Each structure stands twice: as structure tokens, then as C-alpha cells.
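Below is one structure, written out as C-alpha cells, with a few remarks after it.
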Amino acid sequence: MNLYFNIEYQTIFGEEVVLNVFTDDECTPAAVTKYRMNTVDGQHWTCCITQLPAACKKVIHYYYGVDCAGTEKRKEWTLKPHRLELTSDKAKVYYIYDRWSDMPEDAYLYSSAFTDCIRRKHGERKETPRKTEHAHTGSKHNTAAYEKTLRLIVSAPQLRSEQRLVVVGNDLALGAWTLSRAIDMTEVSLNEWAVDLDIDRFSGHRIELKFVAVSADKHTAPLWETGYNRILELPELKKGEVVVYSLNQAFFELCNERFAGTLVPVFSLRSKESFGVGDFGDLQRMINFVSATRQRVLQVLPINDTTTTHTWTDSYPYSCISIFAIHPQYVDLTQLPPLKDTKVRARFKRLQEELNALPQIDYERVNATKNEYLRLIFEQEGSLMMKSDAFSRFFNEEAHWLVPYAQYCYLRDQYGTADFSQWKDHHTWDETQRKALSTPTTKAYKQVSFFYFVQFILSQQMQAAHEYAKSKGVILKGDIPIGVSRYGCDVWMEPKYFHMNGQAGAPPDDFSVNGQNWGFPTYNWDEMLKDNCAWWVHRFQYMAKFFDAYRIDHVLGFFRIWEIPITSVHGLLGQFSPALGLSREEIEAYGLPFNEDAFTRPFIADWVLARMFGEHADEVKATYLQHDHDDIWQMRPEYDTQRKVEAAFEGREDDKNLWIRDALYALISDVLFVRDRKDPLRFHPRISVQHSFVYEALWDKDKVAFNNLYNDYYYRRNNQFWYNEAMKKLPMLTEATRMLVCAEDLGMVPACVDWVMNQLRILSLEVQSMPKDANVRFGNLNTYPYRSVCTFSSHDMPTLRQWWDEDPSRTQVYYNSMLYKQGDAPHPLPGWLARDIILQQLRSPSMLCILSIQDWLSTDEALRLPDADAERINIPANPRHYWRYRMHITIEELMNNVPFCTAVTDLVQQSGR
Numbered sequence: 001m002n003l004y005f006n007i008e009y010q011t012i013f014g015e016e017v018v019l020n021v022f023t024d025d026e027c028t029p030a031a032v033t034k035y036r037m038n039t040v041d042g043q044h045w046t047c048c049i050t051q052l053p054a055a056c057k058k059v060i061h062y063y064y065g066v067d068c069a070g071t072e073k074r075k076e077w078t079l080k081p082h083r084l085e086l087t088s089d090k091a092k093v094y095y096i097y098d099r100w101s102d103m104p105e106d107a108y109l110y111s112s113a114f115t116d117c118i119r120r121k122h123g124e125r126k127e128t129p130r131k132t133e134h135a136h137t138g139s140k141h142n143t144a145a146y147e148k149t150l151r152l153i154v155s156a157p158q159l160r161s162e163q164r165l166v167v168v169g170n171d172l173a174l175g176a177w178t179l180s181r182a183i184d185m186t187e188v189s190l191n192e193w194a195v196d197l198d199i200d201r202f203s204g205h206r207i208e209l210k211f212v213a214v215s216a217d218k219h220t221a222p223l224w225e226t227g228y229n230r231i232l233e234l235p236e237l238k239k240g241e242v243v244v245y246s247l248n249q250a251f252f253e254l255c256n257e258r259f260a261g262t263l264v265p266v267f268s269l270r271s272k273e274s275f276g277v278g279d280f281g282d283l284q285r286m287i288n289f290v291s292a293t294r295q296r297v298l299q300v301l302p303i304n305d306t307t308t309t310h311t312w313t314d315s316y317p318y319s320c321i322s323i324f325a326i327h328p329q330y331v332d333l334t335q336l337p338p339l340k341d342t343k344v345r346a347r348f349k350r351l352q353e354e355l356n357a358l359p360q361i362d363y364e365r366v367n368a369t370k371n372e373y374l375r376l377i378f379e380q381e382g383s384l385m386m387k388s389d390a391f392s393r394f395f396n397e398e399a400h401w402l403v404p405y406a407q408y409c410y411l412r413d414q415y416g417t418a419d420f421s422q423w424k425d426h427h428t429w430d431e432t433q434r435k436a437l438s439t440p441t442t443k444a445y446k447q448v449s450f451f452y453f454v455q456f457i458l459s460q461q462m463q464a465a466h467e468y469a470k471s472k473g474v475i476l477k478g479d480i481p482i483g484v485s486r487y488g489c490d491v492w493m494e495p496k497y498f499h500m501n502g503q504a505g506a507p508p509d510d511f512s513v514n515g516q517n518w519g520f521p522t523y524n525w526d527e528m529l530k531d532n533c534a535w536w537v538h539r540f541q542y543m544a545k546f547f548d549a550y551r552i553d554h555v556l557g558f559f560r561i562w563e564i565p566i567t568s569v570h571g572l573l574g575q576f577s578p579a580l581g582l583s584r585e586e587i588e589a590y591g592l593p594f595n596e597d598a599f600t601r602p603f604i605a606d607w608v609l610a611r612m613f614g615e616h617a618d619e620v621k622a623t624y625l626q627h628d629h630d631d632i633w634q635m636r637p638e639y640d641t642q643r644k645v646e647a648a649f650e651g652r653e654d655d656k657n658l659w660i661r662d663a664l665y666a667l668i669s670d671v672l673f674v675r676d677r678k679d680p681l682r683f684h685p686r687i688s689v690q691h692s693f694v695y696e697a698l699w700d701k702d703k704v705a706f707n708n709l710y711n712d713y714y715y716r717r718n719n720q721f722w723y724n725e726a727m728k729k730l731p732m733l734t735e736a737t738r739m740l741v742c743a744e745d746l747g748m749v750p751a752c753v754d755w756v757m758n759q760l761r762i763l764s765l766e767v768q769s770m771p772k773d774a775n776v777r778f779g780n781l782n783t784y785p786y787r788s789v790c791t792f793s794s795h796d797m798p799t800l801r802q803w804w805d806e807d808p809s810r811t812q813v814y815y816n817s818m819l820y821k822q823g824d825a826p827h828p829l830p831g832w833l834a835r836d837i838i839l840q841q842l843r844s845p846s847m848l849c850i851l852s853i854q855d856w857l858s859t860d861e862a863l864r865l866p867d868a869d870a871e872r873i874n875i876p877a878n879p880r881h882y883w884r885y886r887m888h889i890t891i892e893e894l895m896n897n898v899p900f901c902t903a904v905t906d907l908v909q910q911s912g913r
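According to full-length UniProt numbering, the stretch in the sequence shown is residues 1 to 913, in order.
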């Protein structure tokens, strides 16, 4: 069999086009066979394959790339590769005419959010489970055994779920423009349709054709593709030859669809059956509410395990100990076999009623009780369940992370701490122990098997919720935290991927004036890029088992992370990493004389101390400072970092001591420049330093010079550099799965973020109260891009009701200028006005408008909580916030509240979503 591949692609000197063929199973570098193509003009490239890889039998998948000096410079969009189905034994020669396929503008239509949820087809297309999602098996089309075959392949991603594609043309073989005689096509892969035709049936060598979208509903008019007729010149074929034309996408005049959704953490769900915290059974009930109110998206916060201390501090869902493991608190106990001991069963029933009635989550009691229940179920049913085929499949597929995770959990509990540096042994994962931990007859396996059992149950229940959501046409949207716990299993297992001498966080923003210090280790991207970010790719692919869309938490971290010294408590002394620091010469080129000692050490003068500490200034000097020269002081060595000050004030919780402690933190942060962590001869202007005393002490001309330097550094200097950094990482991750990619791109956003988001077709996050245009106070909803998620408040922000009352002057401006209403803004926010605000959000052009459950409830004064502050999920300025918000009514009560459900449905319908 000979396959002749042809493609037009304009190259420059030194470049060559390469054909990359891979099997049905995966598109990893090891599974790809490369074929160099030939050209005579640098534009028309050809290649002949006479012997396919052994694994390629009936179908081959391939993509084109451009190599230069043995390095791949660019490639096609591999999430939807070319697909060639081989016909009967009669076909001995194939002539394939392809076109280069970049990521299309409507790449979102190829996401599983659209293909498997919104436009789900029942029974027409089946997918084969794959290690990756680069290819899509599709349906076998009618590869008729013609002696001479013409195959047409075309993409039609706009089709709705009830539509199919036909082809019609001027020749009798194509129905002679009569739609009733049009030729049916088959969807052979994602949004790709194909048909095989007998070339001998055509009366001439030149044909005209069009593609038409038709519906099974006879009342729906067919849609003809726009534009001129397509014209094809048919080649002369011999017996046993097939010519394959891959044509440009079919385009139909169909409007973009927009969808509404709800954001609610799984832990915040409440039902009659839950056990003091939301679980995966509640998730299915919430899917019913979303579906019943004509919404199409349900967004949750991270569901990963965060257990390090077994205390309420573990309630922070963005500090996961494993990027794979699910938090045991989400197990739905009602889906497990009942406990056989009636007395014990009755005790747990009483506990369930007691914990479920609490207004907020009691994290410690809930998790301790659920863990006890799971232990009892494990003793009762574990042996039988772990002999099942389902468990064997789960273990074999997930052993690469499950085995280390189970041992980590066992050792954490055995030693009473997650800080593996304090363990007597096993300071890092030992791969040689995998066999013993995977063999059921060993002592090591029996010690950790409980954790296998729990993760198996959680995975089964979450996958069931995912399948249920798809069956309801609801997109489940997950959340990928930017960081991981410093003392988590991921760091313990693969320490090479992390920098432990820094802390990840965020610079000052609307959430926190001192910046945010998350405490996570920063990533060693140099090491991660060596294996093409395999750690991240596996993370995304595992998540695709449970979700069809995801939010990248703090996407700015893929451009640069705010890295804070390990000695800091606040985030002001951080620096962007990586970033192009400034040399002394560059600083002075701005007209600022560089005094390294004065600019990089805390500026502590007598007048500063008087203003900061007032009557306590002398006490502070005597205790925490030592005299340097003239009226200048410096911190004593035992107090010269924020961590040292924090330790010194531990247990001193009175107002005076807390005030002095926080003032000392500010004093230590009062520097004009931060020294680069890697190169001591380069410097970064300290973030927000214009509010500090060291800046106040500058001469006016030096302030002007510094401000020019500051603005160049933060808003221009690093743009291209950060763009290149992001493009090393994000393309691999966004193409790892078919999930719809959304990003949280709030905060100090450099211009390059928009470049990358557009290039990779990532949906942005638009919040009206946090506009990305610095020249406006509130975002203009009408200007939001289609590829975006619109919301009014996130889990990190005040709810709509809280925001309305926290700054009356701001609210008044919003009331008059955004809502176009006269007079004084009413307080507190009335339900009718909340409804108007939400309707405005829903009417935005954004593809998704996802509102928190609290904001939906704000429209009904009889249903919402009387205390708006009790609805807050997180306060980012407080690093020790207790995440315990829970819906105050059950999902059953919500579903039975006909007026509210009708009102939500009406809002969705009125907005055209």
C-alpha cells in the first residue's frame, strides 16, 4: 500500500515540513513516527509512505510539523489531528491532499464541554477510552469498496446536536442540487464529517458542491453553507486508487450560544442526606437544580485532598496535598453498603442529623466522623470490594500516584505530622518500595490499603456525578489550584519540581494591600520543561475524568509567579520570578543615583518611628532596634525578618502587641529595591513602595525618576519575556485534554497575558467591579469578549449583597452610572434590584455567565440569609481563614421553591442564554 501525502505550507530557508504519524492509542513523542517531506519550491510538500507503523492498521492519525535543524519549531493543533481511515483491500494507493490546521478561532466547539454536554449525541458517536485525548475514534463511516474512490472530509463544528451534514452538488452523483437526493455524510471524529464516493459515477472532471446542515426535525429548515460553491477538479484514477480531499471548514449562519451557570463549592452543598458537608451525592442533586432552571454549567472549587493536620486549617481547598487524590470529606456515605451493626448505624444517624443541622461546617468533627465511618465500612466490605474488576482497573490505571499517596498518608498519620522532614525516615518517596506496597499479601500493602479503598470510592462517585451531568447536558467545571502544599505528597514524591526556599503568592491588589502569601513552594520550571511538563499534563488528564471545563487558578503564575522570601510573612518583599532584574547601570540611566545600602535595607529614621509608633517609639527602639548612624536605625539581628518577629510575638494577642507586630512587619518591608534572588547584582523595585517612608524621603526629582523606572519595569520591560515563558508551558497543558479552558486572569495583569489567552483561545474572567481597563471604574458589560466568563463575585470576593453595602459612595456611582437609576441607592440591596443587576450580567456577550449561589439567592428576600456577611466563602487577606460556608437551605427545598426556580429560569430565558 502506498500513501502519498500532499500539503501546501510556505517555509523559509532551513525549515522542512515533517509528517508525524501515531497510533490510535496515544500521541506521546515515543509513539510518533516521523517522515520527512520533500519540496522543490518551499511551499508544496510531498511524502510517500509504503510501510505504516505496525500499530496502524485500519486508521492512522497524524499531524504536520515544521522542523529546523532537528528541532520542532511549530506544529498543527494536535488536539484534533488528521485522521485517515483505510478502506477495503481493493484500495492500494491513496492520494491525500491536506491543509495546515492551526488552532481555530472556534476551538471551544471541539471541547468536551460542547461535544459531550451541550451538543451531546446519543448513540451516534462512541469514544474509545484513551490514555490521552489527542485523537477521537469516532464512527466508522461507510468506506465503500469502490474501484476508484473520492473521499471528502470537512469540519462542521457549528452543527447543533440534532443536525447532521449532507453534501449536494451539480453532478447527478451529488443529487444535481436536489436536497432530497443529497448524499449523507458520517461524523468520523470530533466535528469532522466524511463521505466516500464512486468517482466513476461522475459525468465530468469538474464538480461544484455545497454542504448542508439538515435536521431530523422536518419543521426545521435546512441550512446551506455560506459563500460560493466549492469547485473540485477530479483526477484520473486507476483501479485501487483513492483520492482524499481535506476541505476548508463548512460555515453556517448560526449565532454563538451563551450559557448560564452556578458557582458553589461542593463542601457548601446541603441536602437532607448529606453528613454535615456537601458530598458527591449532593453534587448530583445540584446538577438537577441547574438543569431544571435552564442553566448549563455547574462550577465547583478544587476537590483535592488537603489533609495535613486533621484540623480546621485543612479547610483551605487550594492547598492540596495531592494533585490527584480527592478529599475524603466528599464521600457520599448513602452510596455505600449500610453498616451491619444496628447500634453503630443508629449512632451515625444521630450524628448525621446533628452535624447536618449546623449553620456552618464543623470541619474537624465532620471529617473525624466520616473517617471513622469509612474505617468501619473498610473492615466490613473492603476485602470484597477490592477484589472487584472495577478496583483492579482503578488501581492499575492510577497506581503511579495512588501508591505513593497512600504511603504518604500512612506515614503522616503515624508520625503525627505532614512535615516529612521531621519523619524518622522516608524523607522522600522511595520507588523501590512500590512493589511491596502494590502486593496484597504484604504487610506494607495492608498498612496502606485503606487509602486505596477510599480513593477508589471517591473516584467512582465523582465519575458517576460527571456522567450524570453529561446526561443532563450540564458542564461540570472544575478548578486547578496554582500551588500545592509545601508538605504535601507531590513535593515529597518529586521534590525536583519545586523550590522550597521561596513562597508563592500574589502582589498587592484589591484583595490584600500587603499582597498574599500562600506559603506554597514555587515551581522549578527548568526541571519541569525537561520532560515536557509531564507532571502538569498528567494532572490535567486525570481531571478530565471528572470535568468538561476547568478554571486555571491564577493563570498569571504560568507567566511569572510572585515569589516571596521564606523569611517573609507578608508579600511586599516579593519579586516576580522569573523576571528581568535591573542592573545598577540601568537604574542610574533613569536618572536615579543608586545607593545600594540605603535602598535595599529597611529605611528606619527617627521621624519614621515617631509616625509609626507614636508614644511607643522609645520602647520599640529599646527592644527591637539598634542605632546605626545619625537618626538612622536598623533591626536587631534577632528581629530582622518578619518570621523572626512573628515568632517573637507568638501568643501575644492583645491589641497593643498585635499593633506593634504589624508595624514591625511594615518597617521591615520599607525598602526601595529588592535584591534579585538569583543574581545579587540585579534589583527589582519594591511593589507599591510609593506608599512607604523610603519613597517619601526621596527628593522630588528622584521620585520622578523612580516612577518612570517602576512603570517601565512592571508594565513594559518583561512583557515579551513573560510571553515566551507562558508559551513554553501553556500550549502543552491546554492541548493535554479536550476540557474547555477558562482562566482567572485578575490582579496585576501584564499586556502579554491577553496575547497568550487569545492565541490559545482561553476564556478570560470578567468581573464588572474589577475592570481590566484602568481608565474606567466599572467594566462595560457590552464590551466583554465572547470567549470569556462573566461573573459579579468569585469565592475570593464579597458577595453581591456585601459589595453593595461595603462602600456606599461607590455603590451610588454604580447605581446611577451602570444601572441608569435616579436618586439615592437603596440599602440594604433589595431583591428586585439584585435581579436587575444579575439580568445585566446574563445579557453580556460572554459565552458563560456563572453566578455564585449566594448571588442567585440574593434576588429572593424571603429565601436569602438575613445576614449577608454569613454568605462569604473566603477572605484572601486572612491566610488563616476558615472555609466553612454552607447553603442555609437544602437542595430539596431549593428545588421545591417554585417561585424561585421559575424566577431563575425566567432570567436565563430573558437573557437569551
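Backbone N, C-alpha and C define an ideal beta-carbon position, used for all residues, glycine too.
From a predicted model like this one, the values you see are computed outputs, not experimental measurements.
Does DSSP put residue i in a helix, a strand or coil?
{"i": "residue 491", "result": "helix"}
{"i": "residue 158", "result": "coil"}
{"i": "residue 698", "result": "coil"}
{"i": "residue 360", "result": "coil"}
{"i": "residue 259", "result": "strand"}
{"i": "residue 685", "result": "strand"}
{"i": "residue 927", "result": "Residue numbering for the chain in the displayed model covers 1 to 913; residue 927 lies beyond these limits and cannot be assessed."}
{"i": "residue 533", "result": "coil"}
{"i": "residue 891", "result": "helix"}
{"i": "residue 327", "result": "coil"}
{"i": "residue 131", "result": "Confidence in residue 131 is poor, its pLDDT being 37 and thus under 50, which makes the residue's placement unreliable; the coordinate value appears in the next sentence. Here residue 131 sits in coil by DSSP."}
{"i": "residue 169", "result": "strand"}
{"i": "residue 304", "result": "strand"}
In or out: residue i buried (at least 16 other Cβ within 10 Å) or exposed?
{"i": "residue 819", "result": "exposed"}
{"i": "residue 20", "result": "buried"}
{"i": "residue 132", "result": "The predicted position of residue 132 is uncertain, since its pLDDT is 38 and thus under 50; a value taken from the coordinates is nonetheless stated next. Buried."}
{"i": "residue 117", "result": "buried"}
{"i": "residue 187", "result": "buried"}
{"i": "residue 337", "result": "exposed"}
{"i": "residue 761", "result": "buried"}
{"i": "residue 593", "result": "exposed"}
{"i": "residue 7", "result": "buried"}
{"i": "residue 603", "result": "buried"}
{"i": "residue 332", "result": "buried"}
Can you tell me which of the options puts its alpha carbon nearest to the alpha carbon of residue i?
{"i": "residue 163", "options": "276, 213 and 597", "result": "213"}
{"i": "residue 66", "options": "861, 34, 259 and 221", "result": "34"}
{"i": "residue 358", "options": "886, 893 and 892", "result": "886"}
{"i": "residue 601", "options": "627, 619 and 668", "result": "668"}
{"i": "residue 243", "options": "86, 535 and 62", "result": "86"}
{"i": "residue 708", "options": "839, 589 and 31", "result": "589"}
Going by DSSP, what residues sit across from residue i in a beta bridge?
{"i": "residue 394", "result": "In the DSSP output, where bridge partners are listed per residue, residue 394 has none listed."}
{"i": "residue 951", "result": "An answer regarding residue 951 cannot be provided, because it is not within the stretch 1 to 913 covered by the chain."}
{"i": "residue 415", "result": "According to DSSP, which records beta bridges pairwise, residue 415 is partnered with nothing at all."}
{"i": "residue 565", "result": "502"}
If you measure between the beta carbons of residue i and residue j, is that distance less than 7 angstroms?
{"i": "residue 901", "j": "residue 841", "result": "no"}
{"i": "residue 208", "j": "residue 231", "result": "yes"}
{"i": "residue 291", "j": "residue 92", "result": "no"}
{"i": "residue 391", "j": "residue 451", "result": "no"}
{"i": "residue 476", "j": "residue 540", "result": "no"}
{"i": "residue 407", "j": "residue 437", "result": "yes"}
{"i": "residue 432", "j": "residue 364", "result": "no"}
{"i": "residue 786", "j": "residue 256", "result": "yes"}
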